[in-house]
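A.B. asks: For what it's worth, my numbering labels the leading residue of the sequence shown as 773, then goes sequentially. Encoded as C-alpha cells, here's the structure I'll be asking about.
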Amino acid sequence: MELRTLKTFQVVATHLNQTKAAEILGYTQPTITMHIRNLEQEIGHSLFHRVGKKTYLTPAGKVLKQHADRLLDCVEEMNRALNRLHDPYGTLVIAAPEYYWTHFLTILIHTFVKLHPQVKLKLVSCNSGDVIRMVTSREADVGIIAGQNRNEELEFVSLDAEELLLVIRKDLHQNNDLSAILQKYPLLYKESYHLDGLYDRCMEEIPTPKAVIESGSEEAIKQAIINGTGVGIISGEFISEEIRKEELIPLHRFNQTLDTFLIARKDRSDEITIHAFVELVMEGWGEAVEESM
C-alpha cells in the first residue's frame, strides 16, 4: 500500500468529491480514479458508494479512513522532526567565565536568538577550569575559556590573543625597580593561567615575588590592583581604559599572550545546533570585541 494512494484516498474521503480532491492534490481526475481503484483491489473492498448524486464511505472506507488519518499524521510528524534536523533546535548550554559574558558574549547571544528563536539557551558563568570540565562531561554543549588545555576529547578554536601586562597603581610605583616592588607587594593573577602553564612561563620573565594571590575573577584582580592591594598580571584589553587614564602603570609586557578559545567535544562538533553557534562566534567575535571597547 503506497502512501501516495493512501493520501489520495484520505483527501477524497474527507471531501467526498473526486474533483475537489484532484484540485487539492494537483492530480488529474483519471489519476484520482486510478488510485482509488488500485486501493480497492489491494484491500479487497469497495471504499465508496453513491446514492443519487451523493458519495458515501462504505464500512471498509470508514475503517480505512480512521487508520489512514492516524498513519498519515505520524508520517507528517516524522517529516517535521526530520526537517528540524536541518535547523538548530533543542537546548544549547553555553559555559564561560563572567568576563566573557559581560564583555562579548551578550552581543553574540542577542544575534543567535534572533537567528534561531526556536533554540532554548542555558547560560552558565564559571571559571575556565569548570568550563572544560562541563564541556568534557557533556553538562555544557560549548564553552569559552582563557588559555588552552591538553584535553584530547575537545576541539579548540582560537578566537583571540590578548597582551598580558604586569601592572601597579600609579602612586605605588615610586620609581622602584621591579624586584623591589615584587618584594613589597603581593602578585595577583588569575587561577586559569595554570591551565596551559601560562603562569609558569610568565614567572620566567620577572623576579620571584615574595607573595602571590590567586583569584578566579579578573574583575576582582583589577579592583585589587586599583585599591593598592598589590601588583597584577592582567589582560591589556581588560584595563585599557585605566592604562589610558594612567591610573595603572605597566611594569612589564610579557612575551606570552592570553589566548581565548571556543571549545566543544570533538564527537559533537557536527551537531547542527552546536555547529551553528560555533560558526556565529567565529564570524562575530572580532566585531563583539570592537563593540565592547
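Beta carbons are placed, not taken as given, at the ideal position from N, Cα and C, and that holds for glycine. Values in this document were obtained by computation on a predicted structure and should not be read as measured data.
1) Within 10 Å of its beta-carbon, does residue 807 have 16 or more other beta-carbons around it, so buried, or fewer, so exposed?
2) Suppose contacts are defined by Cβ-Cβ distances below 8 angstroms. Is residue 926 in contact with residue 1048 by that definition?
3) Would you please state the rounded distance, in angstroms, between the beta carbons of residue 928 and residue 1033? I believe it to be under 8 angstroms.
4) Looking only at its chain, what residues have a beta carbon closer than 6 angstroms to the beta carbon of residue 988, apart from the 5 residues adjacent to it on each side?
5) Using only the alpha-carbon positions, how far apart do residue 907 and residue 851 sit?
6) With a 10 Å radius around its C-beta and 16 neighbouring C-beta atoms as the bar for buried, classify residue 1007 as buried or exposed.
7) Considering just the uninterrupted stretch of the alpha helix (DSSP H) at residue 878, what are its terminal residues?
8) Short of 8 angstroms in beta carbon distance, which residues of its chain neighbour residue 830, apart from the five on each side in sequence? Order them along the chain.
9) Does the structure place the stretch 866 to 881 close enough to the stretch 1050 to 1061 that three or more beta carbon pairs sit under 8 angstroms?
10) Per the DSSP calculation, residue 828 is bridged to which residue(s)?
11) Mapping DSSP to helix, strand and coil, what is residue 1055?
12) Any idea what DSSP makes of residue 769, helix, strand or coil?
13) Could you check where the beta strand (DSSP E) with residue 978 kicks off and where it finishes?
14) Going by alpha carbons, who is nearest to residue 1063 out of 1009, 890, 1031 and 1020?
15) Does the contact criterion of 3 or more C-beta pairs under 8 angstroms hold for the stretch 858 to 872 versus the stretch 835 to 845?
16) Taking the beta strand (DSSP E) that residue 959 belongs to, which residues open and close that run?
17) In this structure, how does DSSP classify residue 788 when only helix, strand and coil are distinguished?
18) Residue range of the beta strand (DSSP E) that residue 862 falls in?
19) Count the other CB atoms within 10 Å of the CB of residue 994; is the residue buried (16 or more) or exposed (fewer)?
20) Which ranges would you report for the beta strand (DSSP E) in the stretch 939 to 1024 if only whole runs of at least 3 residues count?
21) For residue 1027, which of helix, strand or coil comes out of DSSP?
22) Taking only three categories from DSSP, how would you classify residue 900?
23) To the nearest angstrom, report how far apart residue 958 and residue 862 are at their CA atoms.
24) Along the beta strand (DSSP E) that carries residue 915, what are the first and last residues, could you check?
25) Compute the Euclidean distance between the alpha carbons of residue 939 and residue 888, then round it to the nearest angstrom.
26) Rounded to whole angstroms, what's the CA-CA distance from residue 1001 to residue 1031? Just pull it up for me.
C.D. replies: With the given structure in hand:
1) The residue labelled residue 807 in the question sits at position 35 within the sequence shown. By the neighbour-count criterion, in which a residue is buried when 16 or more other Cβ atoms sit within 10 angstroms of its Cβ, residue 807 is buried.
2) Walking along the sequence shown from the start, residue 926 turns up at place 154. Walking along the sequence shown from the start, residue 1048 turns up at place 276. For residue 926 and residue 1048, no; Cβs fall outside 8 angstroms.
3) Reading the sequence shown from its first residue, position 156 is the one you call residue 928. Reading the sequence shown from its first residue, position 261 is the one you call residue 1033. Between residue 1033 and residue 928 the Cβ distance is about 5 angstroms, and since that is below 8 angstroms, they are a contact.
4) As a position in the sequence shown, residue 988 is number 216, starting the count at 1. Cβ within range, chain order: 899 and 963.
5) Along the sequence shown, read from residue 1 onward, the residue named residue 907 stands at position 135. Along the sequence shown, read from residue 1 onward, the residue named residue 851 stands at position 79. Rounded to whole angstroms, residue 907 to residue 851 spans 31 angstroms at the Cα level.
6) Locating residue 1007 in the sequence shown gives position 235, where the first residue counts as 1. By the 10 Å Cβ count, residue 1007 comes out buried.
7) Reading the sequence shown from its first residue, position 106 is the one you call residue 878. That run of the alpha helix (DSSP H) goes 878 to 887.
8) Translated into positions along the sequence shown, residue 830 becomes position 58. Excluding sequence neighbours, residue 830 sits near 817, 818, 819, 820 and 821.
9) Contact between the stretch 1050 to 1061 and the stretch 866 to 881 is present: three or more C-beta pairs spanning the two stretches fall below 8 angstroms.
10) Position 56 of the sequence shown holds residue 828. Partner(s): 821.
11) Locating residue 1055 in the sequence shown gives position 283, where the first residue counts as 1. Residue state, collapsed to three classes: helix.
12) Past the edges of the chain, shown from 773 to 1065, lies residue 769, and the structure says nothing about it.
13) Against the sequence shown, residue 978 aligns to sequence position 206. Careful: residue 978 lies outside any beta strand (DSSP E) and carries neither H nor E.
14) Reading the sequence shown from its first residue, position 291 is the one you call residue 1063. When only C-alpha atoms are compared, the closest one is 1009.
15) no
16) Translated into the one-based positions of the sequence shown, residue 959 becomes position 187. Counting along the chain, the beta strand (DSSP E) containing residue 959 begins and ends at 959 to 962.
17) Along the sequence shown, one-based indexing puts residue 788 at 16. If DSSP states are grouped into helix, strand and coil, residue 788 belongs with coil.
18) Your numbering for residue 862 matches position 90 in the sequence shown. Counting along the chain, residue 862 falls outside any beta strand (DSSP E), and DSSP gives it neither H nor E.
19) The sequence position of residue 994 within the sequence shown is 222, counting from 1. Result: buried.
20) 959 to 962, 984 to 987 and 1003 to 1007
21) As a working mapping, residue 1027 is identified with position 255 in the sequence shown. Of the three classes helix, strand and coil, the one that applies to residue 1027 here is strand, per DSSP.
22) The count along the sequence shown starts at 1 and reaches residue 900 at position 128. Looking at residue 900 - three-state DSSP - the assignment turns out to be helix.
23) Working through the sequence shown from its first residue, we reach residue 958 at position 186. Working through the sequence shown from its first residue, we reach residue 862 at position 90. Spanning the two alpha carbons is a distance of roughly 47 angstroms.
24) Locating residue 915 in the sequence shown gives position 143, where the first residue counts as 1. Segment 914 to 918, the beta strand (DSSP E) holding residue 915.
25) Counting from 1 along the sequence shown, the entry for residue 939 is found at position 167. Counting from 1 along the sequence shown, the entry for residue 888 is found at position 116. Computed Cα separation, rounded: 42 angstroms.
26) By 1-based counting over the sequence shown, the position of residue 1001 is 229. By 1-based counting over the sequence shown, the position of residue 1031 is 259. Their Cα atoms are separated by approximately 26 angstroms.
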